[in-house]
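This report concerns only the one structure given below.
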Amino acid sequence: MKKMSIPTSKTSLVLFLCQIISALDVPLDLSQPPTITQQSPKDYIVDPRENIVIQCEAKGKPPPSFSWTRNGTHFDIDKDAQVTMKPNSGTLVINIMNGGKAEAYEGVYQCTARNERGAAISNNIVIRPSRSPLWTKEKLEPNHVREGDSLVLHCRPPVGLPPPIIFWMDNAFQRLPQSERVSQGLNGDLYFSNVQPEDTREDYICYARFNHTQTIQQKQPISVKVFSMDSLNDTIAANLSDTDIYGAKPVTERQPVLLTPTGSTSTKVELRGNVLLLECIAAGLPTPVIRWIKEGGELPANRTFFENFKKTLKIIDVSEADSGNYKCIARNTLGSAHHVISVTVKAAPYWITAPRNLVLSPGEDGTLICRANGNPKPSISWLANGVPIAIAPEDPSRKVDGDTIIFSHVQERSSAVYQCNASNEYGYLLSNAFVNVLAEPPRILTPANKLYQVIADSPALLDCAYFGSPKPEIEWFKGVKGSILRGNEYVFHDNGTLEIPVAQKNSAGTYTCVARNELGKIQNEVQLEIKDPTMIIKQPEYKVIQRYGQVSFECIIKHDSTLLPTVTWLKDNDELPDDDRFLVGKDNLTIMNVTDKDDGTYTCIVNTTLDSVSASAVLTVVARPNPPFDLELTGQLERSIDLSWIPGDENNSPITNFVIEYEDALHEPGVWHYQTEVPGTQTTVHLKLSPYVNYSFRVIAVNKIGRSQPSEPSEQYLTKSASPDENPANVQGIGSEPDNLVITWEPLKGFQSNGPGLQYKVSWRQKDVDDEWTSVIVANVSKYIVSGTPTFVPYEIKVQALNDLGYAPEPSEVIGHSGEDLPMVAPGNVQVHVINSTLAKVHWDPVPLKTVRGHLQGYKVYYWKVQSLSRRSRRHVEKKILTFRGNKTFGMLPGLEPYSSYKLNVRVVNGKGEGPASPDKVFRTPEGVPSSPSFLKITNPTLDSLTLEWGSPTHPNGVLTSYTLKFQPINNTHELGPLVEIRIPANESSLILKNLNYSTRYKFYFNAQTSVGSGSQITEEAVTIMDEAGILRPAVGAGKGYSEILFATSPVMHTVRPTFYKVQPLYPRIRNVTTAAAETYANISWEYEGPDHANFYVEYGVAGSKEDWKKEIVNGSRSFFVLKGLTPGTAYKVRVGAEGLSGFRSSEDVFETGPAMASRQVDIATQGWFIGLMCAVALLILILLIVCFIRRNKGGKYPVKEKEDAHADPEIQPMKEDDGTFGEYSDAEDHKPLKKGSRTPSDRTVKKEDSDDSLVDYGEGVNGQFNEDGSFIGQYSGKKEKEPAEGNESSEAPSPVNAMNSFV
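Everything in the sequence shown is counted per the working numbering, starting at 3 for the first residue and increasing by one.
If you want it as structure tokens, here you go:
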């Protein structure tokens, strides 16, 4: 089966369809007139040094013979020994390399291919040898030009064939630089808009390169000498006396003048489809700038280009619509000049409808149409077999009507080749088309069972190339017995091709093409396969990376599994650099150690045999900017200067600002200080300077990446000296002792001194006293101490700077104080007002300000607890201090303890310290509510009673008056029954509740009271045991050291079924997930706290894998599961969840299965010796249990285990003894329950932080709380304290069954 892939792009599809259409030729095994298949170009320029090959190939049946004409007459090749014709071809070979001369064979050649059915002719082929003549010798005078004038250096290359390519170089074969000022015109001349002194040189050389002959011709060097105004004046001065008046005018600016084209208007004719080039070059100073416009219209978009510094306007593929007036405008600061070029677009003939080969059967009709256009309109002429149709042999079936030949009732003798010639003054078109009269049954030219593969949602083209005469009708079918294809979903082309515009998956299959005419019928099958498109599901993304970093582009693809994709990476549409830093992975491109050269666009191209997709992303490499350079100082004044610089490369991150720093080489050489900063768009700054500083500057550029290296320092600039401009700052006067005043200030920096000899004049006088200023002049210090001052007296102070040139301006005065001393008196009239049990307010009278002897900072209150009134024990006294800032006379004392005795005193504070304390003031806080009881324990559960024990509150906060106990039953759906309240005297610490319902859970609320009110409560839950036959009820309080207190429970609980209220389930959670792994299975167990009837599931998967979790449902609500079918030696992750609880899962656990065993081990449980041993052990245990039971009935007591393990299922694993859970017992065969009492820890102490926990049920019985035998299944949530049991009491009498359960 032949396989064909159909391209998916629209361009490729059109080309493919055109190829199919053009392939409708007459099969070569049938008679047909000649058809020219290959010929040389009309204008054929040949290399005179090589053989001339004039091509002419044709096909036909029988094979055609060839002949040639030269310059309109027969060319007899047999008479010329230099000319040969290739075998079975019309191609001529003229031998030049063996003595022939190309010039002798110039002329117009035409080939004729002929057989018995007609003759086809080629175009007129004009043969011309290429020419590369030398420059004519000429004497070139040096060009002397004044600076600023225009200049044109003429090239005038020799006329060659084809015209040469012109360029200017120097003696060193280096191209001369060109710019807006100096450029080369279209004619090859070199134009200078204005000359400059640097244009002076003696080696302006024009070169002409003739590409056809691969030769370069050189013109004589041209010398240019530019005279500047200064040199010209010097020359004139040397040749004239001092009394002569001389001096050339300076360079003057001039408005633009056009050098080419000349005049104000010109015309240009261009042919349709060619490239239009218009040029304007202007002289002027400053150099003019050229602009182009089209009068009355716009320059064509996408076809307009500007070259040669906008001096050349280029429009490609011109059409008649591009005709019009084009204006170039040259402009500089002095004016403008313009030129209008009138463009006319003519057209050589071009085809509208070229004649096509016509195959007719005898008796059929047909037409040949030849339509062409051009400017001017071309004329149409017909030839038959190369002869003008007017003088060709007559054919009664033929009629010529202008550009159409009409054929009626053709016969076999009507076969011929017709030529259509369309010509005007700009060229001609010649086309051959034959009329072939045949009678042939249909034939299909497409290979049988051809396979087409296309991408889904793309067009599918199924080929059915056919031939027959008369022309067959084509029909398409799908499938072996399918119906004929019709409808809008298909397109049927004239050449037989079936097009499916949008091929879908269901378009795949077998298609049958049927061709029939009156002479017969034939069919052919082709296959169509639809492939999934190739997609880039993760495209590369735009990246910004710092220099020397690492960057990665992703290109993750999805493709049809039957197609093999290839991924190619390009940089800027070119191959990746050959560099080890570029690492191409399966689905990514990584660039290591990124440099600036890596900047660009990176494209990921994915190719298959059927489609191609690509995605691009830009990489921007950023870095800190390069340092500025070329620092220049201008505008130097005594107190200012201008600094300018050139920015360095910003490295793809715009410069945000420039930082200017300075160095003072006079005072701090080598130390750079911040001066100022300016925006990143500014490259000059005006800087203010200080006197007597030797400045040098440097500039640092800043962008988002960071700061550049500093620039090179500028030149130094020394400013003149002056008296100081400013005085020291931050002048203060603070005494360090009660009899002194310390005056301090911030000294001036070196550049602030403004000159040599910096000193300070320190002055002071007492405030509000009529004293004179006392002054002293000091140097090289920043403080001065005045001794012998009164204590804490205000002073006026000032510090003035001076140097050798004078004083600074008069300084401002500041107020200071001499030294402080400790306060002299304590606050008086201290009063305390107790607001509540934890808050008091203290008042005092302020001290006189004169006694403070310093700055009043505030008052301090010292207070401490003397003792608690509810307890006699004393403890370490811890004093607390509260500071009240400013001149306050009261304050609040928070956080006091209720029912306690306190003392306090108050002191005044200044900058020196604290004054004396006021006399201690005693006050008491009233009673408050107590804290919660320290603990609540529930012990000794029986059929209808529970024992409660508690501890008194840690903080009674008063005299306890009583305890309050509230309790209520809870059913299996967490509904609460009626609440019962009991008052208990304050001196009690335990209680036995009797007459409770058996096998019932109760919730207890317990708190203490003082006369103020009730404190916070502590809660606990407990369960009475089930009603069990044969249980011996122990005496209440047996073995206890406290007295028995009995309270009757409410009779409502026994006579009326209570109304229950819904409560929120308590904190569901799954914890302590543990695993025990073997070779191919693992035992998963967990602990659950939450609502009843939870349906668990186990999720697991390979650790570290991204695959979805596998899920296994756990039967019932048991808390274990066995995972089977695991892979040995593999790490797994596992978690447990509960159905119906959204997002409720345990944390993950990881385990590893055991390694695979080399051989299967023998199962010990199936060995006979092991079974026998186990039976003996079981018998011995049974005997021991019976003996124990007999002894127990005689009065012995045995402690009962807190936890029991049971095996209700082979998958159940033993629980840990201390995990707080209860076992579950059942008989799988007869469902008879094994009796078992409810077990609770002997010590039910509950810590405060766990008091809100509730009992969680695990049972699967009728009510969800108890098993079939009535035993409670579950555990208490929350952390419980465990203490050793007192004595040997047990909550139930032992039995053999229970003893066995305990053992197991």
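All C-beta atoms, glycine included, are put in the ideal place defined by N, C-alpha and C.
In the DSSP assignment, the beta strand (DSSP E) including residue i goes from what residue to what residue?
i      : result
Cys58  : 58-63
Val291 : 291-296
Gln525 : 522-533
Pro444 : 442-446
Leu279 : 278-281
Leu155 : 153-155
Ala435 : 429-439
Thr267 : 267-273
Lys329 : 326-334
Leu301 : Looking at the DSSP string, Leu301 is not in any beta strand (DSSP E), and its letter there is neither H nor E.
Under a three-way DSSP split, which group does residue i fall into?
i       : result
Glu140  : coil
Asp581  : coil
Pro935  : strand
Arg415  : helix
Ile371  : strand
Gly1170 : helix
Pro1243 : At Pro1243, the pLDDT of 39 sits below 50, so the modelled position is not reliable and the matter cannot be decided from this model.
Glu665  : strand
Leu1186 : helix
Pro199  : helix
Gln754  : helix
Glu748  : strand
Val253  : coil
Arg183  : coil
Compute the Euclidean distance between the alpha carbons of residue i and residue j, then round it to the nearest angstrom.
i       : j       : result
Ile837  : Lys1005 : 38 Å
Leu993  : Gly830  : 56 Å
Leu807  : Asn729  : 15 Å
Gly1335 : Ala424  : Coverage of the chain is limited to positions 3 through 1306, which leaves residue 1335 absent and any answer about it impossible.
Val908  : His675  : 53 Å
Phe311  : Pro223  : 26 Å
Asn189  : Gly162  : 14 Å
Gly979  : Gly1106 : 51 Å
Tyr454  : Ala505  : 12 Å
Gln1066 : Thr975  : Because Gln1066 sits at a pLDDT of 38, beneath the cut-off of 50, its placement in the model cannot be relied upon, and the point is left open.
Tyr216  : Lys103  : Note that residue 216 is Gln in the sequence shown here, rather than Tyr. Rounded to whole angstroms, Gln216 to Lys103 spans 19 Å at the Cα level.
Val596  : Pro681  : 29 Å
Ser14   : Arg211  : Residue confidence for Ser14 is low, a pLDDT of 44 falling below 50, so the modelled location carries little weight; the figure read from the coordinates is stated next. Roughly 39 Å separates the two Cα atoms.
Asp319  : Pro656  : 41 Å
Just to confirm my understanding: we take residue i, look at its own chain, exclude 5 residues before and 5 after, and list those with CB closer than 8 Å. What are they?
i      : result
Glu556 : Lys540, Gln541, Pro542, Glu543, Asp589, Asn590
Ser381 : Ala424, Ser425, Asn426
Pro65  : Asn90, Asn117
Would residue i pass as an interface residue toward chain B - the criterion being a Cβ-Cβ separation below 8 Å?
i      : result
Leu967 : Protein chains in the displayed structure number just one, and chain B is not present.
Can you find the residues in the same chain that come closer than 7 Å, C-beta to C-beta, to residue i, ignoring five residues on each side of it along the sequence?
i       : result
Ser738  : Val744, Gly821
Pro1130 : Glu1081, Thr1082, Thr1155, Gly1156, Pro1157, Ala1158
Pro444  : Tyr468, Gly470, Pro474, Ala517, Arg518, Asn519, Gly522, Lys523, Ile524
When we look at the beta-carbon of residue i and count the other beta-carbons within 10 Å, is it buried (16 or more) or exposed?
i      : result
Glu52  : exposed
Lys4   : Confidence at Lys4 is low in this model, with a pLDDT of 49, below 50, so its placement is unreliable and no value can be given for it.
Arg116 : buried
Gln176 : exposed
Phe699 : buried
Gly74  : exposed
Gly298 : exposed
Here's a check: name, in chain order, each residue in its chain whose Cβ is nearer than 6 Å to the Cβ of residue i, leaving out the five neighbours to either side.
i       : result
Trp1111 : Glu1101, Gly1103
Arg293  : Ile331
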